[in-house]
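The block underneath contains the structure these notes are about, expressed in structure tokens.
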Amino acid sequence: MAAERQPQSSWLWTTSVTLGLLLMEFILLSALVPTDWSNRVRDQEVRWISAELGLESATAIFATAQGWYGALFLNTGLVDASYRLLLPDEAAVRHTPELGKLAENPIWPWMKGRLDVVWYSLYMAIQRLVVLLAWWPFLAFALVGAIGDGLLRRRIRQAGFDYPSPLAHRLAVRGMLGLGFVVSLGLFAPVPLPPLAVPVLAVALAAALSLMLTQTQKRL
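Residues -6 to 213 in the working numbering are what the sequence shown lists, from first letter to last.
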């Protein structure tokens, strides 16, 4: 029973830490990143995607990202509702002169900039997710190859009566969790990310998966 609780508590702890760091990253992003910087990050990634993946693939990626963003946030009214809720209504200010001085408060341009950054960040996260999914044939090929390689090496080790290394197995599992953690944080990272980072991460994941299977205990 204790052995079963330990992996479960480890997964819960890892998930909680990841979600907490994602929330902290999103809060810091919303509070500190300038709007102009978000625009430059988006423009740089657009140029990289177009140059490295080709115009046809880039067009499909942008269309898919815009469609998902529109379905999740624009068509549902979440974007408009956030601006209406947190910013003074221009029509109400025109009809109520007493609100004029309140509307001139410098906090409102700052608040609008923070909302712009939040929605830019969500759009960029969706676009990066679409780029990640666009590499699915390479990801599938790398993972299938890693599984086959790991199982074959495991059978060879069993035939030679070699004992698996618990340390190597543990490091491989932690490496896979770390890669998932990096990908999760990368979705909201306030820096431009090249699309060719995806196959690099896929190769690293495949290597960790192959090592984990190779060093898995003989009796599952």
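Just so it is clear, CB atoms sit at the ideal spot from N, CA and C, and this is done for glycine as well.
Residue i (DSSP reduced to helix, strand or coil)
{"i": "D155", "result": "coil"}
{"i": "W41", "result": "helix"}
{"i": "L180", "result": "coil"}
{"i": "N68", "result": "coil"}
{"i": "V193", "result": "helix"}
{"i": "V137", "result": "helix"}
{"i": "P130", "result": "helix"}
{"i": "A201", "result": "helix"}
{"i": "T207", "result": "helix"}
{"i": "V26", "result": "coil"}
{"i": "V166", "result": "helix"}
{"i": "L213", "result": "Residue placement at L213 cannot be trusted, given a pLDDT of 48 that sits under 50; what the coordinates show is reported in the next sentence. Coil, per DSSP."}
{"i": "L172", "result": "helix"}
{"i": "L80", "result": "coil"}
{"i": "G160", "result": "This sequence places Leu at residue 160; Gly is not what is there. Helix, per DSSP."}
Burial state of residue i, where buried means 16 or more other Cβ atoms lie within 10 Å
{"i": "A(-4)", "result": "The pLDDT assigned to A(-4) is 45, lower than 50, so where the model puts this residue is not dependable; a value taken from the coordinates is nonetheless given after this. A(-4) comes out exposed."}
{"i": "Q210", "result": "exposed"}
{"i": "P0", "result": "In this prediction, P0 scores a pLDDT of 49, lower than 50, which makes its location untrustworthy; the coordinate-derived value is nonetheless stated afterwards. That one is exposed."}
{"i": "L202", "result": "buried"}
{"i": "P102", "result": "exposed"}
{"i": "I100", "result": "exposed"}
{"i": "V110", "result": "buried"}
{"i": "G143", "result": "buried"}
Beta-carbon proximity of residue i to residue j, cut-off 8 angstroms
{"i": "R147", "j": "L206", "result": "yes"}
{"i": "P185", "j": "E38", "result": "yes"}
{"i": "P165", "j": "L122", "result": "It is Ala, not Pro, that sits at residue 165 in the sequence shown. It is not a contact, given that the beta carbons lie outside the stated cut-off."}
{"i": "E45", "j": "P188", "result": "yes"}
{"i": "F131", "j": "A190", "result": "no"}
{"i": "L180", "j": "L198", "result": "no"}
Distance, residue j Cα to residue i Cα
{"i": "G47", "j": "L25", "result": "33 angstroms"}
{"i": "G60", "j": "P157", "result": "48 angstroms"}
{"i": "A64", "j": "W112", "result": "14 angstroms"}
{"i": "T69", "j": "S75", "result": "12 angstroms"}
{"i": "P183", "j": "P27", "result": "10 angstroms"}
{"i": "A118", "j": "D155", "result": "45 angstroms"}
{"i": "A127", "j": "I54", "result": "8 angstroms"}
Run of the alpha helix (DSSP H) containing residue i, from where it starts to where it stops
{"i": "L122", "result": "I100 to A127"}
{"i": "G60", "result": "L48 to Y62"}
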